[in-house]
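Read top to bottom, the protein sequences are chains A and B. Start counting the first sequence at 1422; every next residue gets the next number (our numbering). Start counting the second sequence at 1422; every next residue gets the next number (our numbering).
There are 2 protein chains.
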Amino acid sequence: MTRFIYLIFLLPILLLAQQKQTTEERFRSIPKTENLRDYMKHLSARPHHIGSAYDKENAEWILSKFKEWGWDATIETFSVLFPTPKERLLELVSPVRFTAALQEPAFAEDPTSNQQSEQLPTYNAYSIDGDVTAPLVYVNYGIPADYETLDRLRISVKGAIVIARYGMSWRGIKPKVAAEHGAVGCIIYSDPSGDGYVGGDVFPKGAFRNGDGVQRGSVMDMPLHPGDPLTPGIGATENAKRLKMEEVDVFTKIPVLPISYNDAAHLLEQLSGPVAPESWRGGLPITYHIGPGGSKVHLKLKFNWDMVKLYDVIAMIKGSVYPNEWIIRGNHHDAWVNGAEDPTSGQVSMLEEARAFGELKKQGWKPKRTLVYCAWDGEEEGLLGSTEWVEAHADELKQKAAVYLNSDSNGRGYLGVSASHTLENFVNAVAKDIEDPETKLSVWKRWQARAIADASLSDKDQIRSRSDLRISALGSGSDYTAFLDHLGVASMSIGFGGEDDGGIYHSIYDDFYWYTHFSDTNFVYCRALAQTAGTMVMRLSETDLLPLKFSGLVDAVKKYLEEVQTLLKTKQDESNERNRQIDDGVFTAIADPHEKFVLPVKEHVPPFLNFAPLQNAVDSLSRSAEHYSRVSEKISTQDQKLVQFLNQRLIQVERAFTHDDGLPNRSWFKHQIYAPGFYTGYGVKTLPAIREAIEQNNWTLAEKQIIKVSAVIGQGAGAIDAMAVEIEKLK
Amino acid sequence: MTRFIYLIFLLPILLLAQQKQTTEERFRSIPKTENLRDYMKHLSARPHHIGSAYDKENAEWILSKFKEWGWDATIETFSVLFPTPKERLLELVSPVRFTAALQEPAFAEDPTSNQQSEQLPTYNAYSIDGDVTAPLVYVNYGIPADYETLDRLRISVKGAIVIARYGMSWRGIKPKVAAEHGAVGCIIYSDPSGDGYVGGDVFPKGAFRNGDGVQRGSVMDMPLHPGDPLTPGIGATENAKRLKMEEVDVFTKIPVLPISYNDAAHLLEQLSGPVAPESWRGGLPITYHIGPGGSKVHLKLKFNWDMVKLYDVIAMIKGSVYPNEWIIRGNHHDAWVNGAEDPTSGQVSMLEEARAFGELKKQGWKPKRTLVYCAWDGEEEGLLGSTEWVEAHADELKQKAAVYLNSDSNGRGYLGVSASHTLENFVNAVAKDIEDPETKLSVWKRWQARAIADASLSDKDQIRSRSDLRISALGSGSDYTAFLDHLGVASMSIGFGGEDDGGIYHSIYDDFYWYTHFSDTNFVYCRALAQTAGTMVMRLSETDLLPLKFSGLVDAVKKYLEEVQTLLKTKQDESNERNRQIDDGVFTAIADPHEKFVLPVKEHVPPFLNFAPLQNAVDSLSRSAEHYSRVSEKISTQDQKLVQFLNQRLIQVERAFTHDDGLPNRSWFKHQIYAPGFYTGYGVKTLPAIREAIEQNNWTLAEKQIIKVSAVIGQGAGAIDAMAVEIEKLK
């Protein structure tokens, strides 16, 4: 009885409190760490790579969850090429014999590490078959600069098998560059300096990569195009027209195999030849030599080149006001093995967002725009699930896709954001409203503090004075690629990290045991990701005028313009200096006569390029942005017709920065401001057509691309200015 | 018969050629690589540390050589305190037991490595006796900055035994700073990242330090004063007044022992506690932890505190014109063990110079000034031989010592010069006349090329445009210290290196086998050193007006003035920035709540200091130097009286930069422009009284020292100006 009386008194207060809570706040109060933990335990219970039984089970489980939470959900399937190992052999045949183990052992304390029959062996997907025996040469990270060093040291990899360490580029770059230099095979290993005991105690004692851990991963030539190798540019539906195997352009040119540092140590310690330059030396207890000396290895790889089905789960809540404006949210569900961190930590956050939207929907809330939640399959092999879906639905997406929001692995620490710069102001605003679970500060405040702490003394004040923190540009490495780079959909990729160091990436140890012992053990940062991404989705859905702004974009493009100019200037200065040193005999004078190397020869100094078109275009972009900013302040959201008209135009602004021709020699990549680097793989190259032409000393191409890119930027400026003009007209 | 006819034709040509050769050129043609090799083989045949039988034999052999070559030579002895190990025990007692080997094994291919009965055990001289058992803490290099890091991580070394790696400071700094922070013992080891397999293949396969190699060395508190601990400031003659053992101020405060990286690995791998910061991690195949966790070590050291005799060989050729102006040349002959590189490579070069001067003398040549050649003993323990000799002969040297020229170890590569800046122009001039034996360029050209190649793009042009290459200032670490820092004798230290990497420093493997396999194997750089140093000695002797110039000095002092001003400014900026970040909550925001550390607290920003007196003094030095330069061009060397008068004054200029009080808290160091750093040990601190006061945040002291040092520089300026006035007067 007394209890009832209390309730009577409390009820109005509770109601009042709830009324005062905004819908966003209500949304953020729903995600629960227990759920996140339960989802992860379930999804990572067994290996679930594309084509596996548990991958399909997971897709169906995710589907059932979406349905349970009131979403319209389906599974969309595609048929893709997915090679798995039939035979893997790596042996040192000279000067001593050694056969690599190529096996990650199970640990008693880690209950899923023993599921060997379901685990994919350690390998690199889309390596070609091969059987080669050749001298071994250590090539550091195997990036182009490393081969310049080898050239100076008079060491050729022609006919050799190279061994490169992971790092400094996406892995697929290593066999690609090795093959360009005539290598016949490529071994990639995780050096303990970058991924092992140097970083911290190794698994299972600590979070870091142990001596037997191997990084699996795709080596498909993704900078050409991601997605199913047989269906570039089109959806890999059952009856799609497929390339023949010999027509595929994204397989490696030479066989590639990833190995552990325990295996690598046996190979590297047998190399002789020159001692590796200082920056090439890793963390193994050996003297790093380049080789080859008498070392010779035998690498034999055979794959099952199978077609498998992939299962994208697509869930929707139709928009109540702007149903043809889609806010798309994605995270893949497939993993290399158990994948608790990659991708399940992000997937569970997305699922908990979906549950929260379901809750709100039950309470009567409806999104204004259409929400599209996507659990992608086959990301690990080359962004297969997202790319095929984007290609299959390209026409509809070009019309309707307003923003794509991606996540992938998630950990403890700081909010990290890479995005289209039209969203810079938006992500800053959201970050200010999300609470960091451990410090109780806003995640924006922590983000800013980290940026200030890490900046040089001279940059600190700029960070303090700018109301928005600068965001990074998107390269590649997750499912936003097709949206941004192929279609020109404004995109974001977010996640927490920086306090979650470890080394289980793409190994069998990326599992529930590892994650709950060494990463976001109590799932508060997975909840924070659900709160952040969900708030973004909700705000993108509910704000009548899409919150895309252009001053951040102008700032970024101005910076990129300066960078490419500086890049050329630096190349000229270095070239002039090198030529002068050659004239002055500096290289001859400092050559150690006991060592072999090639003296540099005089070269053509890079010419001056005509940057004026680009400067004019950027200037015009800047004026358009100011124009739009000035007039858009006065828009009344009551003017439904204007708002709807502008939204349609705003969605198209990012498209305006694409060109149908794509980038030189890789037409799939349409965006002219952002692209993954041809020789970095994941790392972004901004103004890629110009920057890469300069990097590769292709001056004719650079001149041409400056004109082309300037036109594209002018087109973007035009799109923005047209909106401003329209607003003025309608007043 | 025909042969005779040839000779008749050839003779005039040969005579003509010889006449055209200058005396310097004749000198440089005399040194022979075979001799250098023979001397080294002899001198390094057995261990010859101070107090050993072979040390005395070597001194006597060197004496006999000098005599054989026509020098007036004697052995001067001093009695000094020299501790050797009676007991050395280092054991890990927890969490597992391990006893350190503390032993360098012999190798069959290295014939002198098995002379164990004569080898000094691996130890640090002037460590105190001790028997301590305590937790072990890894302190990186054990320099003051490392303890600041430990403070932030809330780790105290109070009551602990610290383990520090060699490098970043002279070794004696490590136990000194450890004791200041309350440690009870100190272990120093050679980490393979700085001195071992990371650098190259290890001995005997390669030149680098193997897993059992140990760096012996003195840990006497030399920044207070070098020389015999019992006789600071006076010569350690038989009957000198000696301190009691308890009065000695240069012993360590805690027991210290150096160990190999094989031994160290057993200790370090047992540390737990926080993972060491990234820059603290070395090259062992372990995760570096700071400790202590449960690790505990037992360190027991007992020494024989014996008095031994040291044998300085002093050889002279009296000057024919200026007998009271001495050109002094020195290189030590004692070694830690066999010491082929350190010091024999320098010693043999000096001996070959002496032989060459002997040759010239036989041919009738006489030096104008007195040449004093010194083969020092007891350098390794704390510059004992040179310091005691300088202290014993201080009064005479103050009058007569014009220049001291030092060498020590020598190797392949580039000429390295550190010197009083009054000699900057002189050493550049000599370097232009010496041929590099391998490239046949002048050693100056190679030196310049190296400097250009290593400089930043913006510094390169400055190097090109300056007619003299800048020389480094002298810190400590060899026998010039007493000459320059205690007496104010213009000094130089020279040697070749940079292409002679290896790791046998102060180990039993620094021997003839190592040197002739991995360093200057054909002794051409030892010959180049003899040619360089001998040319310097000859030119210093033969040039009527001593070739001391002041524009290099002015440049250097101006640079040092800027540096101390920048040092203060940087400290202010950093302090302001840190305070601002504290106010803004940056440190709180980026603190990982899972880790323990101390948040920084607000501090007083360093005050502005009155640099005006120093600026005025430097300005006056600059004007005096210009004045002297202007008038000295007109001096006729025919004017014997003026020349003799000026030489006497020139000798005294370097003395004018000393102050009788010495540096704050270390009165033995009189020079006010150069000194080894109190917390670097060897590394030079220029304007030391001011710079170190600022570094240590002692603002009152800094203000006082600015005034004092300004007066000293004014005094130097006065000495230079007085000469100029005198020259003008006498015209």
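Beta carbons are placed, not taken as given, at the ideal position from N, Cα and C, and that holds for glycine.
Asked: So which residues on chain B does L1862(A) lean against when the C-beta distance must stay under 9 Å?; Found: G2006, T2009 and A2010
Asked: Whose C-beta lies closer than 6 Å to the C-beta of F1939(A) among residues of the same chain, with five residues either side of it excluded?; Found: A1628 and G1923
Asked: Below 8 Å, how does it come out for the region 1716-1727 of chain B and the region 1793-1809 of chain B: are there three or more Cβ pairs, yes or no?; Found: no
Asked: Compare the C-alpha of M1666(B) against each of A1777(B), D1550(B) and P1596(B) and name the closest.; Found: D1550(B)
Asked: On the premise that S1681(A) lies in contact with G1638(A), defined as a C-beta separation below 8 Å, what is that separation, rounded to the nearest angstrom?; Found: Not a contact, Cβ separation roughly 14 Å.
Asked: Step through the CB atoms of chain B and report whether any lies within less than 8 Å of the CB of L1428(A).; Found: Annotation note: pLDDT 47 at L1428(A) (below 50); position unreliable, no value reported.
Asked: Could you have a look at D2040(B) and say whether DSSP puts it in helix, strand or coil?; Found: helix
Asked: Within 10 angstroms of its Cβ, does I1873(B) collect 16 or more other Cβ (buried), or is it exposed?; Found: buried
Asked: Going by DSSP, which residues form a beta bridge with I1680(A)?; Found: Y1610(A)
Asked: Less than 8 Å between the beta carbons of K1723(A) and E1512(A), yes or no?; Found: no
Asked: Would you tell me roughly how many angstroms separate the C-alpha atoms of V1734(A) and A1815(A), rounded to the nearest one?; Found: 17 Å
Asked: Under 7 Å Cβ to Cβ from W1868(A), same chain only, skipping five residues before and after it: list those, please.; Found: Y1835, L1836, A1852 and L1890
Asked: At a Cβ threshold of 8 Å, is D2082(A) touching chain B?; Found: no
Asked: Between which two residues does the alpha helix (DSSP H) holding S1996(B) run?; Found: S1972 to D2004
Asked: Helix, strand or coil: which one does DSSP assign to G2162(B)?; Found: The structure shown has nothing for residue 2162(B), since chain B only spans 1422 to 2152.
Asked: Among M1589(A), I1608(A), E2054(A) and E1998(A), which has the Cα closest to the Cα of I1675(A)?; Found: I1608(A)
Asked: At a CB distance below 8 Å, what residues from the region 1600-1633 of chain B approach chain A? Give them in sequence order.; Found: P1613, Y1618, V1619, G1620, G1621, D1622, V1623, G1627 and F1629
Asked: Spatial neighbours of A1522(A) within its chain, please: CB distance less than 8 Å, with the 5 preceding and 5 following residues excluded, ordered by chain position.; Found: D1633, S1681, N1683 and D1684
Asked: Given 8 Å as the limit, is there contact between the region 2017-2034 of chain B and the region 1994-2006 of chain B, that is, 3 or more CB pairs closer than that?; Found: yes
Asked: Cβ of A1438(B) less than 8 Å from any chain A Cβ?; Found: For A1438(B), the predicted structure reports a pLDDT of 48, less than 50, and the residue's modelled location is therefore unreliable. A value from the coordinates is still provided. Answer no: the Cβ-Cβ gap between A1438(B) and chain A never drops below 8 Å.
Asked: Would you kindly report the start and end of the unbroken beta strand (DSSP E) that includes M1737(A)?; Found: K1717 to I1738
Asked: In chain B, which residues lie less than 9 Å from Q2002(A) when you measure between Cβ atoms?; Found: A1870, I1873, A1874 and K1881
Asked: For the region 2015-2044 of chain A, list every residue whose C-beta sits within 9 Å of some C-beta in chain B, in sequence order.; Found: H2015 and E2016
Asked: So what does I1582(A) bridge to, in DSSP terms?; Found: L1557(A) and G1606(A)
Asked: Does the CB of R1702(A) have a neighbour CB from chain B at under 8 Å?; Found: yes
Asked: Using the C-alpha atoms, what's the distance from R1999(B) back to E1812(A)?; Found: 52 Å
Asked: I'd like the span of the alpha helix (DSSP H) that includes S1962(A), first residue to last.; Found: V1945 to E1963
Asked: Against chain A, with Cβ distances strictly below 8 Å, would G1707(B) count as a contact?; Found: Residue identity check: residue 1707(B) is Ile in the sequence provided, not Gly. Yes, I1707(B) lies at the interface with chain A (some Cβ there is under 8 Å from its Cβ).
Asked: Which chain B residues sit within Cβ distance under 8 Å of K1866(A)?; Found: G2006 and A2010
Asked: I think Y1587(B) touches G1615(B), with their Cβ atoms under 8 Å apart; what is that distance to the nearest whole Å?; Found: 7 Å
Asked: Return the CA-CA distance between S1807(B) and A1903(B), expressed in angstroms with no decimal places.; Found: 7 Å
Asked: For V1696(B), which residues in chain A fall below 7 Å Cβ to Cβ?; Found: G1621
Asked: Can you list the alpha helix (DSSP H) stretches of 4 or more residues lying completely in the region 1463-1491 of chain B, in chain order?; Found: 1474-1489
Asked: Looking only at its chain, what residues have a beta carbon closer than 7 Å to the beta carbon of P1433(A), apart from the 5 residues adjacent to it on each side?; Found: In this prediction, P1433(A) has a pLDDT of 48, which is less than 50 and means its spatial position is unreliable; nothing more can be read from the coordinates.
Asked: Can you give me the C-alpha to C-alpha distance between P1644(A) and I1584(A), rounded to a whole angstrom?; Found: 22 Å
Asked: Sorted by chain position, which residues of the same chain lie with C-beta nearer than 6 Å to L1705(B)'s C-beta, five sequence neighbours on each side aside?; Found: A1686
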